[in-house]
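Residues in the sequence shown are numbered consecutively from 744, following the numbering used here.
C-beta: ideal position from N, C-alpha, C; glycine also.
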Amino acid sequence: MIRMKLATPLIAALLAFAVVPAAIAAEYTKGVVKKVDLRAGKVTVIHEELKNLDMPAMTMVFRTADDAMLETLKEGAEIEFVADRVAGKLTIIELK
Ligand SMILES: [Cu+2]
């Protein structure tokens, strides 16, 4: 049991790193999903300040990293996300 107690926090720490890939430094920003357009592959988000993009709080359209991510988004949902420019387009690259 003593070994178990020691191992558990270590495993938890390793797992935490495993699920946070390149974007370790990226800060999550809160937002509310206003509209999801599956056909266009776009989502409208009412977001708080995006510090990494030097952007104040506003409502705007993003792309998502992939369709699977887009499909998890529902209108009215409160999300925490990381956005960045991907090929010049503002894209949600991480989602909690
Ligand atoms: Cu914006």
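Secondary structure note for D810: its alpha helix (DSSP H) is the uninterrupted segment D810 to T815. If you draw a 10 Å sphere on the C-beta of V829, you find fewer than 16 other C-beta atoms in it, and that means exposed. Assignment of K839 by DSSP, reduced to helix, strand and coil, places it in the coil class. Relative to ligand 1, the beta carbon of M812 is positioned no closer than 8 Å to any heavy atom. Contact annotation: M798 and I789 have beta-carbon atoms that are not nearer than 9 Å. In this chain, the beta strand (DSSP E) harbouring G774 covers T772 to D780.
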